[in-house]
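A quick write-up on the structure given underneath.
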Amino acid sequence: MKSLFHSVILAASILLALSVVSCKEKNNNEYYTPREITAATDVPKYNLKLNRIDLECFGVHDIIAVDSMIVAITSNTQSLIQVFDYSGKPIAMLSPSGRAGNEFLQVYYTNQNVMIDGDRYLYVGDHDNLYLYNLSGSIRNGANLKPQKLLKIPDYRDRANGFNILFRSDGSYFQYTGATYDEIILSATDYTINPDGSISINNMPEFEYNPPTYTLVKPDSSITTFDIYPQLPDFKEDIWAQRLYHSNVRLSHDGQKVVVVDANQDRMTFIDLETGDMFGVRGPDFIDFVDIVDTGSPSKIVEGVWQVVTYGDHIYVLYDHNTIYEEAHENKPANTTIRVFTWDGEFIADLIPDAPIDNFYIDDKTGKLIATDDDEQFYIADLQTQW
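Count along the sequence shown starting at 1, add 3, and that's the number in our numbering.
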């Protein structure tokens, strides 16, 4: 699913919120981690055969493949959570939108789930709260069991892409925020209220952007901060501060490492949460901030990362090789491959699906890959037999 970038004006309060990896080390600079390396590009390529599933489910924005089930998170107010088997047969239609104690107004999957006492639980978000949702129990019950509220998400200006908080088994959690901006309060002379109630800005102040933050919060409330980006370049267009720091964050299965995959930079950062060691890995479409700090914008920017999935000892990155211009102005269909990395940052393979998928997930137990395309057609593949 394509990444969304949000800019909000709160009119009521007049607050504007508008492969082996090559060992070539990059020169240190103030914009990146001290250690930056470049990924190999001559990795093996494998064709990925996808078989269509006869499954009708519309308004899908998240999919999960778990316990030999397909879980679709949708915008359908009659059933926000729909569960199917691998053949497409419905198992459960759950979670009508509502305000009761066991209901959600909307649901977003946080790309993390866990087994507790034999039941499968999903970490999900609803507006500004995070919950632990008993999927197995809800299926048995035929309706949502009341979810456990975990915490409230920080102010929207500190959010990046949905709910980037990842929980570890020891009770700590890793939290990512995107490039944030300071609140701007407009004086009475800075804006005009039009007859139709809209607002015209007469004097637009400059945004003061702050670097993204990456922190590990422990049960005793102590915080460890990881400076992936020590400071921001002085972008001449504010949009780049938002777009180029738009990330997907995933946790290794043992909870020791985090990978931060930047959606449009073609760059990823690996963090060892125990030792504090971290390094950046740059891909072939990498955008170097040093090169654009004078010009103000990159000469080319790719559509980039749509999904990141961890499976076994590997990281799978769904990557669209089209430029943003091609997507927006030339209406080119998605040109996606799935890049495969190790947790040591080694780019080891490129999987080429035979359909232009825009989202996928991998079942940890079966190795089945479930995917969707832009027409909401579902597909299945067996990774254990294909490469």
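Cβ atoms here follow ideal geometry from the backbone N, Cα and C, with glycine treated the same way.
Look up residue 243 in the DSSP assignment and say whether it is helix, strand or coil.
Here residue 243 corresponds to residue number 240 of the sequence shown, with the count starting at 1. Residue state for residue 243 is assigned as helix, using DSSP reduced to three classes.
For residue 388, does the count of other Cβ atoms within 10 angstroms reach 16, so buried, or fall short, so exposed?
Against the sequence shown, residue 388 aligns to sequence position 385. Around the beta-carbon of residue 388, fewer than 16 other beta-carbon atoms lie within 10 Å, marking it exposed.
Just the C-alpha distance for residue 101 and residue 147, rounded to the nearest angstrom, thanks.
Sequence index remark: in the sequence shown, residue 101 carries index 98 (1-based). Sequence index remark: in the sequence shown, residue 147 carries index 144 (1-based). Here the C-alpha atom of residue 101 lies approximately 11 Å from the C-alpha atom of residue 147.
Based on the DSSP secondary-structure assignment, which residues constitute the bridge partners of residue 203?
Position 200 of the sequence shown holds residue 203. DSSP lists 195 as partners of residue 203.
Three or more C-beta pairs under 8 Å: does that hold for the segment 357-374 against the segment 296-304?
Fewer than three beta-carbon pairs drawn from the segment 357-374 and the segment 296-304 are found closer than 8 Å, and the two stretches are therefore not classed as touching.
How many angstroms separate the CA atom of residue 114 from the CA atom of residue 126?
For this step, residue 114 is matched to residue 111 along the sequence shown. For this step, residue 126 is matched to residue 123 along the sequence shown. Using only the alpha carbons, I get a separation of about 7 Å.
Can you give me the Cβ contacts of residue 47 inside the same chain, cut-off strictly under 6 Å, excluding the 5 residues immediately before and after it?
For the purposes of this step, residue 47 is identified with residue 44 of the sequence shown, where counting begins at 1. Only 352 meet the Cβ criterion.
For residue 168, the residue or residues it bridges with in DSSP
For the purposes of this step, residue 168 is identified with residue 165 of the sequence shown, where counting begins at 1. Bridge partners of residue 168: 178.
Rounded straight-line distance, which links the Cα of residue 144 to that of residue 3
Any property of residue 3 remains undetermined from this structure, which presents the chain solely from 4 to 390.
In chain order, which alpha helix (DSSP H) runs of at least 4 residues are fully inside the segment 318-366?
Runs of the alpha helix (DSSP H) lying entirely within the segment 318-366 and spanning at least 4 residues, in chain order: 327-332.
Going along the chain, which residues of its own chain have a beta-carbon closer than 8 Å to the beta-carbon of residue 371, five neighbours each way excluded?
The count along the sequence shown starts at 1 and reaches residue 371 at position 368. Counting only Cβ-Cβ distances below 8 Å, and skipping sequence neighbours, we find 68, 71, 89, 365, 383, 384, 385 and 386.
Please classify residue 272 as buried or exposed, where buried requires at least 16 neighbouring CB atoms within 10 angstroms.
As a working note, residue 272 is residue 269 in the sequence shown. With 16 or more other Cβ atoms inside 10 Å of its own Cβ, residue 272 counts as buried.
Helix, strand or coil: how does DSSP classify residue 116 here?
The sequence position of residue 116 within the sequence shown is 113, counting from 1. Three-state result, residue 116: strand.
Drop a sphere of 10 angstroms on the beta-carbon of residue 323, count the other beta-carbons inside from all chains shown, and report buried for 16 or more, exposed for fewer.
As a first step, residue 323 is located in the sequence shown; it is residue number 320 there, counting from the start. Residue 323 comes out buried.
Got a sec, what are the start and stop residues for the alpha helix (DSSP H) residue 143 sits in?
Within the sequence shown, the letter at position 140 stands for residue 143. 138-144 is the extent of the alpha helix (DSSP H) around residue 143.
According to DSSP, is residue 387 helix, strand or coil?
Counted from its first residue, the sequence shown places residue 387 at position 384. It is helical.
Opposite residue 441 in the DSSP bridges: which residues?
The structure shown does not extend to residue 441, since the chain spans only 4 to 390, so no value can be given for it.
The segment 278-291 / the segment 190-199 touching (three or more Cβ pairs under 8 Å)
The segment 278-291 is not in contact with the segment 190-199.
Residue 65 beta carbon less than 7 Å from that of residue 112:
Locating residue 112 in the sequence shown gives position 109, counting from the first residue. Locating residue 65 in the sequence shown gives position 62, counting from the first residue. Note that the C-beta distance between residue 112 and residue 65 is below 7 Å.
For residue 298, which option in 201, 243, 345 and 84 has the closest C-alpha, if you only look at C-alpha atoms?
Counted from its first residue, the sequence shown places residue 298 at position 295. When each option's Cα is compared against that of residue 298, the closest is 243.
Endpoints, the alpha helix (DSSP H) within which residue 293 is located:
Locating residue 293 in the sequence shown gives position 290, where the first residue counts as 1. Going by DSSP, residue 293 is part of the alpha helix (DSSP H) stretching over 292-295.
With a threshold of 16 other CB atoms inside 10 Å of the CB of residue 462, please say whether the residue is buried or exposed.
Only positions 4 to 390 of the chain appear in the structure, and residue 462 is not among them; the question remains open.
Where does residue 168 land, buried or exposed, given buried means 16+ other C-beta within 10 angstroms?
One-based indexing of the sequence shown puts residue 168 at position 165. Buried: at least 16 other Cβ atoms inside 10 Å.
What do you get for residue 1, buried or exposed, if any count of 16 or more other CB atoms within 10 angstroms of its CB means buried?
Shown here, the chain extends from 4 to 390; a query on residue 1 therefore has no answer.
Specify the secondary structure class of residue 95 as computed by DSSP and reduced to three states.
Position 92 of the sequence shown, counted from the start, is the residue given in the question as residue 95. Residue state, collapsed to three classes: strand.
Helix, strand or coil at residue 218 according to DSSP, with G and I counted as helix:
Taking the sequence shown and counting its residues from 1, one reaches residue 218 at position 215. Note: residue 218 maps to strand in three-state DSSP.
Could you give the C-beta distance for residue 250 and residue 263, rounded to a whole number, given that I count them as a contact under 8 Å?
Reading the sequence shown from its first residue, position 247 is the one you call residue 250. Reading the sequence shown from its first residue, position 260 is the one you call residue 263. The pair is a contact, with the Cβ atoms about 5 Å apart (cut-off 8 Å).
Proximity below 7 Å, CB of residue 1 to CB of residue 204
Since the displayed the chain opens at 4 and closes at 390, residue 1 lies outside it and no answer follows.
In the DSSP assignment, find the unbroken beta strand (DSSP E) run with residue 102 in it and report its ends.
Residue 102 sits at position 99 when you count from the first residue of the sequence shown. For residue 102, there is no enclosing beta strand (DSSP E), since its DSSP letter is neither H nor E.
Residue 227: first and last residue of the uninterrupted beta strand (DSSP E) it sits in:
One-based indexing of the sequence shown puts residue 227 at position 224. Element bounds for residue 227: 226-228.
Let me know if residue 182 comes out buried or exposed under the rule of 16 or more other beta-carbons within 10 Å of its beta-carbon.
The residue you call residue 182 lines up with position 179 of the sequence shown. Per the 10 Å Cβ criterion, buried.
Any idea what DSSP makes of residue 266, helix, strand or coil?
Position 263 of the sequence shown holds residue 266. Coil.
Distance check for residue 170 and residue 186, CA to CA, integer angstroms please.
Translated into the one-based positions of the sequence shown, residue 186 becomes position 183. Translated into the one-based positions of the sequence shown, residue 170 becomes position 167. Going by the C-alpha atoms only, they are around 29 Å apart.
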